[in-house]
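Colleague: Dumping the structure here so I can ask a few things about it.
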Amino acid sequence: MLSLRTGGHALRRPMRVPLSPLTTLQPLGQLLRPGAARLIHIDRLERGADSGAEAETGGGDTGKYRAGLFIDKVFPIKMAAFDIRPYIWSRSIEAMKKKVSGLLPKQLPHQFAVCEIEPHKRDGGSIVYFTFSAPGTQDDAKRVAEGLVSAVNTELATRDKRSWYEFEPARSLPVRGVPFSEDIVRMLPSKKIKVEFVGPDLTVEQLYGEFREFGLILDIETQPTSNKDTPRWAIVHYSQLRGATRARNCAHGDVVGSTRLLLSYVRENHTNVVIQWFREHTKFTIPLAAAALIAAIYAIFDPIREFFVENKITHRFDLSQIPILGNMRKAAMRSLLRRDPSFSSDEMSAWTGLFDQKERLVSILNEPPESFVVVTGPHGSGKTKLVELATQEKKYRVVIDANNLASQHSELEQMTLLARQLGWWPVFNSIISITNTIDLMVTATTGSKPGISATPESQVRRILECLALVLTKIRHSRLEVLNANEQRKRRAHQAQESQGGNAAADYGSSSHALSPEDIPVIVLENFMDKDLAFSKIIIEWAASVVEAGLAHCIITTNSISGYHEVQRVESNRATSLISLDDSSPMGAITLLQRQLTPEAPALVPTPDALDKNALQAQEQLMEEYQRKLDAVSGDQIAYAADVLGGRLEDLQIFVQKVKAGESIGAAIEDIIQRSITEIRKHAFDNDSEVGQCKHTWSPEQFWYLLTELARHESVEYDRMRNSALFAGNDSALLGLAEAQLITMVYDNDRPSRIRPGRPVFFTAFGRIIDDPGFSSTMAIRMHKAFVDLETAKIRKAEEELALLNVFKASVDSYNTLASNLAIVAASKDISGASGSGDGWWPRNKAKAKDGDLAQMYPEAYIAQATRKTPQTSEHSQSWLGWLFGRSSPPQSQPPNASSEQQPDGARPMAVPGVPFELQGRVRFLLNVIHSSQQKIDKWDEEIKSRAARLAGL
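Start counting the sequence shown at 1; every next residue gets the next number (UniProt numbering).
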């Protein structure tokens with residue numbers, strides 16, 4: 001059965017092929033074709049002398065002919081454009097010709113002679129053109145040529161010489177056409193041969209008979225009848241590549257009937273099964289490819305990054321660590337920058353008293369890592385200098401400046417700067433965008449999210465993980481050094497003992513503890529001072545490092561919020577707190593004198609003979625110097641230091657203003673006004689003039705704290721926290737501290753006192769209180785807040801008394817109090833509706849009895865009983881007034897009680913009509929009502945006074 005393709009459709013039809021009479025398994029060169037036998041192509045070169053007579057008699061003369069044969073499997077076939085095997089095996093044309101000539105027999109009949117060898121190394125063979133002599137007709141000469149080709153083929157088969165690129169010996173085939181010799185680069189051999197017809201089309205049977213001798217055919221495809229393209233064509237598909245190369249070199253230009261055949265290779269698109277599967281299953285292949293790429297990047301670049309991070313920490317290749325080069329570099333930097341020496345670090349450290357805190361920090365760092373160390377203090381208090389002094393003996397120091405990170409515009413820039421600070425290189429920011437794009441493409445095409453996208457947050461975690469690995473490696477390397485030293489000492493000790501020595505040292509056990517200078521230190525500078533996107537990630541990573549004992553972690557911050565954030569992360573461990581303060585007044589005065597005292601002019605001794613102009617110039621210089629000296633006299637500097645305190649930031653601004661030409665008074669006044677504006681802007685969010693976003697505190701709370709600080713300069717933290725407005729909640733105080741409106745002084749790692757946020761705020765608080773309009777407005781709001789708090793207390797006590805049904809104990813007021821109305825709330829409503837004082841009480845109250853008054857005004861009766869006024873009746877029958885000692889005892893007094901035993905106005909031991917179990921609670925609630933009512937009366941008077949003051953402005 002043979003598979004054929006005609007008109008684009010595959011046909012399967014039986015075909016009879018006449019074979020050689022020898023056997024059906026004869027060589028392909030001897031396989032016969034259907035129809036008339038076709039022989040090799042020959043060209044006659046010259047004719048013999050008796051050619052004319054022989055031609056007339058029908059015989060033939062002896063002539064010389066030229067024919068060709070194709071020797072296959074001489075060279076490797078070029079499979080692709082980058083296949084270098086043909087170039088390696090066949091280096092030159094002469095070498096190839098020599099190889100081909102060595103395959104030919106030495107002696108053949110009919111005057112066989114090789115005239116030309118044409119190597120076709122791309123097709124893996126060579127065409128050999130030869131000449132021979134043959135008598136008779138043209139057909140007789142062709143049969144002679146076929147016999148010579150068969151003789152060559154027999155010789156090649158007997159040699160049985162196989163090469164490394166072929167497992168079969170070489171063979172020869174007759175060239176039946178005119179070969180097309182070309183060197184087109186992209187025309188590579190393929191298993192498909194395109195046969196173009198110059199003349200009538202050939203049938204499938206004819207094509208099969210023409211091309212079967214070159215190899216096994218898989219398929220024959222003819223041009224569809226609907227296709228009108230010319231020239232007409234057919235495609236023969238061989239099972240092996242060698243069959244196609246044989247047909248291309250032997251049958252090109254052959255003439256079948258009246259049709260000439262032109263052969264060319266058909267470029268095949270090879271489809272790899274694995275690649276095709278990957279293309280058809282993108283849901284799996286794209287994530288796998290991305291994961292493989294990322295894994296390759298990790299495998300290649302992660303060791304490089306660890307190397308650079310380790311060099312950043314250990315300073316292995318830092319030339320500045322060489323003493324000579326380091327000193328030269330520092331001197332060059334000082335000369336180039338020309339910094340002001342008056343604010344040198346040594347003077348600043350002595351000015352702020354950092355050496356007292358240095359010893360504590362050093363002692364913490366000399367111990368194994370257990371918890372965070374938080375260094376707090378205002379700007380300019382010397383936090384950075386303190387950490388530098390305490391860690392100057394450490395070998396490994398890592399610094400992360402959170403302030404610089406927060407100043408970047410995007411999270412990607414923050415991540416890049418963090419990598420630069422830690423020495424994490426190389427940084428591929430483009431990978432983030434590439435992975436995000438791939439993630440979006442896969443999500444859009446497959447509908448499911450592969451989860452391969454990268455974010456700056458994930459990159460930050462990778463950077464910190466790399467740093468943790470480096471710290472672990474440093475720790476292990478130092479432990480190995482210690483163990484090696486210990487083993488060396490142990491061996492020396494054993495050798496000394498074997499020699500008879502008596503050593504007292506014991507090297508039997510290892511402590512496995514690093515020395516303090518070998519423990520790395522991580523410094524988080526300016527942490528939580530600004531909003532940082534990765535602050536939580538960094539603090540959690542630092543907590544894991546400290547918990548693992550890899551390094552100490554020191555955090556410097558201006559606000560106390562950083563300390564509380566650390567406490568939230570490390571809730572199970574105590575955090576060491578070092579709180580720095582402003583300078584003392586004497587330190588501030590010393591600094592201002594050093595900054596503002598002008599330098600004395602250099603006066604040159606002048607002889608009498610010199611010009612008077614020079615003397616006048618020197619006198620002017622002295623006068624100018626004296627004027628500047630008087631402008632910064634000791635009293636003025638002391639006043640400035642008293643107002644500005646020891647805050648470095650304010651002192652620097654003051655010095656800049658004075659050096660710019662402002663007077664000391666004007667400079668101080670400008671700083672105070674700026675402080676007032678800042679306070680009103682950040683503190684009083686409900687103020688319509690300087691409204692701001694809502695904070696954790698209320699304006700009334702800050703005003704109460706401001707008035708206390710303006711009077712006392714500092715207040716107790718616990719007293720303020722437990723006051724009525726703050727009610728034991730410290731969120732408002734912590735918010736004010738984070739806004740730097742107040743400063744908390746810590747003692748034994750807990751807040752003890754509260755001071756203004758900056759020393760100049762004390763003067764600013766006084767100026768704000770002296771503002772009559774603003775202070776009266778805020779005082780009214782504060783007193784109303786107090787009234788609301790006390791009213792809430794009274795309502796709560798009233799509800800409890802109503803639930804206890806206490807009012808039924810008084811016989812005279814039972815009917816009036818049956819409704820269980822609020823005592824003080826009712827009295828306040830009536831008093832607010834009718835004015836102040838006793839305006840709501842009936843004018844003819846002297847003529848009315850208590851019972852009638854209670855029925856007419858039940859709430860007023862209760863309120864009047866609780867008021868302590870001269871008009872209170874001595875004979876009031878209200879037990880409320882009797883309880884507070886403002887009326888005579890009721891008739892329920894025991895009969896045996898005399899006036900001597902119970903003096904007038906004395907409070908009884910028990911409330912009549914109230915069960916014994918409720919006596920104490922009832923007296924407590926009534927005392928709460930009485931005390932709250934007195935406070936409300938006092939604050940109402942203050943509110944009226946402030947309102948009248950505002951009306952008079």
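For glycine and all other residues, C-beta sits at the position ideal for the given N, C-alpha and C.
As the structure is a computational prediction, the values presented were derived from the model and not from experiment.
(1) How should residue 961 be labelled, buried or exposed, when 16 other C-beta atoms within 10 angstroms of its C-beta is the threshold for buried?
(2) May I ask which residues mark the beginning and end of the beta strand (DSSP E) holding glutamate 599?
(3) Using the Cβ count rule (16 or more neighbours within 10 Å means buried), how would you classify glutamate 480?
(4) Give the secondary structure of lysine 64 by DSSP, where H, G and I count as helix, E and B as strand, and everything else as coil.
(5) Hey, phenylalanine 534 and glutamine 656 are a contact pair by Cβ (cut 8 Å); roughly how many whole angstroms apart?
(6) Suppose the cutoff is 6 Å on Cβ atoms and the five residues either side in sequence are ignored; what does the same chain contact list for phenylalanine 70 look like?
(7) Given glycine 773, which residues of its chain have a CB within under 8 Å of its CB, disregarding the five upstream and five downstream residues?
(8) Under three-state DSSP, which class holds leucine 880?
(9) With H, G and I counted as helix, E and B as strand and the rest as coil, what does DSSP make of proline 224?
(10) For the pair the region 540-555 and the region 373-391, tell me if three or more CB-CB distances fall below 8 Å.
(11) Just to check my reading of the structure: aspartate 123 and isoleucine 84 have Cβ atoms closer than 8 Å, yes? What is that Cβ distance to the nearest angstrom?
(12) Taking the alpha-carbon positions, what's the leucine 471 to serine 544 distance?
(13) Name, in chain order, the residues that DSSP records as bridge partners for serine 126.
(14) For isoleucine 538, which option in Leu736, Ile400, Arg721, Arg305 has the closest C-alpha, if you only look at C-alpha atoms?
(15) What residue range does the alpha helix (DSSP H) around methionine 187 cover?
(16) Does DSSP put leucine 734 in a helix, a strand or coil?
(17) Taking the C-alpha atoms as reference points, what is the distance between isoleucine 432 and threonine 455?
(18) In the DSSP assignment, find the alpha helix (DSSP H) that holds tyrosine 208 and state where it starts and stops.
(19) Count the C-beta pairs between the region 526-533 and the region 570-582 that are closer than 8 Å, then say yes if the count reaches three, no if not.
(20) Is the separation between the beta-carbon of histidine 783 and that of glutamate 942 shorter than 8 Å?
(21) Is it the case that the Cβ atoms of isoleucine 754 and methionine 720 are separated by a distance below 8 Å?
(22) Distance, Cα to Cα, alanine 732 vs lysine 394?
(23) Assign arginine 176 to one of three DSSP states: helix, strand, or coil.
(24) Pick helix, strand or coil for proline 303, following the three-state DSSP scheme.
(25) Under a Cβ-count criterion, where at least 16 other Cβ atoms within 10 Å of its own Cβ denotes burial, should arginine 242 be classed as buried or exposed?
(26) Could you work out which residue in Leu216, Ser559, Ala234 is closest to proline 224 when comparing CA atoms only?
(27) Given valine 362, which residues of its chain have a CB within under 6 Å of its CB, disregarding the five upstream and five downstream residues?
(28) What do you get for cysteine 466, buried or exposed, if any count of 16 or more other CB atoms within 10 angstroms of its CB means buried?
(29) Bridge partners of histidine 110, per DSSP?
(30) The beta strand (DSSP E) spanning proline 751 covers which residue range?
(31) List the residues that DSSP assigns as beta-bridge partners of serine 133.
(32) Excluding the five sequence neighbours on either side, which residues of its own chain have a C-beta within less than 8 Å of the C-beta of serine 945, listed in chain order?
(33) Quick one: any contact between the region 290-309 and the region 417-433, if contact means 3 or more CB pairs under 8 Å?
(34) When you compare only the Cα positions, how much space is there between phenylalanine 75 and proline 86?
(35) May I have a chain-ordered list of the alpha helix (DSSP H) segments no shorter than 4 residues that lie completely inside the region 546-586?
(36) Hey, which unbroken runs of the alpha helix (DSSP H) at 4 residues or more fall wholly within the region 621-699?
Modeller: Let's see:
(1) The requested residue 961 is not part of the displayed model; the chain covers only 1 to 953.
(2) Counted from its first residue, the sequence shown places residue 599 at position 599. Counting along the chain, glutamate 599 falls outside any beta strand (DSSP E), and DSSP gives it neither H nor E.
(3) Counting from 1 along the sequence shown, the entry for residue 480 is found at position 480. So glutamate 480 counts as exposed.
(4) As a working mapping, residue 64 is identified with position 64 in the sequence shown. If DSSP states are grouped into helix, strand and coil, lysine 64 belongs with the strands.
(5) Your numbering for residue 534 matches position 534 in the sequence shown. Your numbering for residue 656 matches position 656 in the sequence shown. About 35 Å; that fails the 8 Å criterion.
(6) Here residue 70 corresponds to residue number 70 of the sequence shown, with the count starting at 1. Excluding residues within five positions, the ones whose Cβ falls inside 6 Å are Gly125, Ile127, Leu173, Val175, Asn249, Cys250.
(7) For the purposes of this step, residue 773 is taken as the residue at position 773 of the sequence shown. Only Leu950, Leu953 meet the Cβ criterion.
(8) Start at 1 with the first residue of the sequence shown, and residue 880 comes out as number 880. With a pLDDT of only 47 at leucine 880, under 50, the local geometry of the prediction cannot be trusted, and the value read off the model is given with reservation. Looking at leucine 880 - three-state DSSP - the assignment turns out to be helix.
(9) Numbered from its first residue, the sequence shown carries residue 224 at position 224. Three-state result, proline 224: coil.
(10) yes
(11) For the purposes of this step, residue 123 is identified with residue 123 of the sequence shown, where counting begins at 1. For the purposes of this step, residue 84 is identified with residue 84 of the sequence shown, where counting begins at 1. With a Cβ gap of about 17 Å, aspartate 123 and isoleucine 84 do not count as contacting.
(12) As a working mapping, residue 471 is identified with position 471 in the sequence shown. As a working mapping, residue 544 is identified with position 544 in the sequence shown. Whole-angstrom Cα-Cα distance: 12 Å.
(13) Taking the first residue of the sequence shown as position 1, residue 126 is located at position 126. Paired residue(s): Ile71, Pro119.
(14) Here residue 538 is taken as the residue at index 538 of the sequence shown, counted from 1. If we check each option's Cα against that of isoleucine 538, Ile400 comes out closest.
(15) In the sequence shown, residue 187 corresponds to position 187, counting from 1. If you look at methionine 187, you'll find it isn't in any alpha helix (DSSP H); DSSP assigns it neither H nor E.
(16) Residue mapping note: residue 734 aligns to position 734 of the sequence shown, counting from 1. Helix at leucine 734.
(17) Locating residue 432 in the sequence shown gives position 432, counting from the first residue. Locating residue 455 in the sequence shown gives position 455, counting from the first residue. C-alpha separation (whole angstroms): 6 Å.
(18) The residue given as residue 208 occupies position 208 in the sequence shown. That run of the alpha helix (DSSP H) goes 204-211.
(19) no
(20) As a working note, residue 783 is residue 783 in the sequence shown. As a working note, residue 942 is residue 942 in the sequence shown. It is a contact, given that the beta carbons lie within the stated cut-off.
(21) Here the question's residue 754 lines up with position 754 in the sequence shown. Here the question's residue 720 lines up with position 720 in the sequence shown. Yes; because the gap between Cβ atoms is below 8 Å, this pair is in contact.
(22) Taking the sequence shown and counting its residues from 1, the one referred to as residue 732 is at position 732. Taking the sequence shown and counting its residues from 1, the one referred to as residue 394 is at position 394. Alanine 732 and lysine 394 have their C-alpha atoms roughly 40 Å apart.
(23) The residue given as residue 176 occupies position 176 in the sequence shown. Three-state result, arginine 176: coil.
(24) Numbered from its first residue, the sequence shown carries residue 303 at position 303. For proline 303, the three-state secondary structure derived from DSSP is helix.
(25) Within the sequence shown, residue 242 is the residue found at index 242, counting from 1. Arginine 242 is buried by the Cβ-count criterion.
(26) Position 224 of the sequence shown holds residue 224. Comparing Cα-Cα distances from proline 224 to each of Leu216, Ser559, Ala234, the minimum goes to Ala234.
(27) Counting from 1 along the sequence shown, the entry for residue 362 is found at position 362. Excluding residues within five positions, the ones whose Cβ falls inside 6 Å are Ala390.
(28) Position 466 of the sequence shown, counting from 1, holds the residue named residue 466. Counting Cβ neighbours within 10 Å, cysteine 466 comes out buried, since at least 16 surround it.
(29) Walking along the sequence shown from the start, residue 110 turns up at place 110. The beta-bridge partner set that DSSP reports for histidine 110 is empty.
(30) On the sequence shown, position 751 is the one that residue 751 refers to. It spans 750-756 - the beta strand (DSSP E) in which proline 751 sits, taken as one unbroken run.
(31) Position 133 of the sequence shown, counted from the first residue, corresponds to residue 133. Lys64.
(32) Position 945 of the sequence shown holds residue 945. There are no such residues.
(33) The way I'd put it, the region 290-309 does touch the region 417-433; three or more beta-carbon pairs between them come closer than 8 Å.
(34) On the sequence shown, position 75 is the one that residue 75 refers to. On the sequence shown, position 86 is the one that residue 86 refers to. Their backbone Cα atoms lie some 7 Å apart in a straight line.
(35) 561-569
(36) 634-644, 648-659, 664-683
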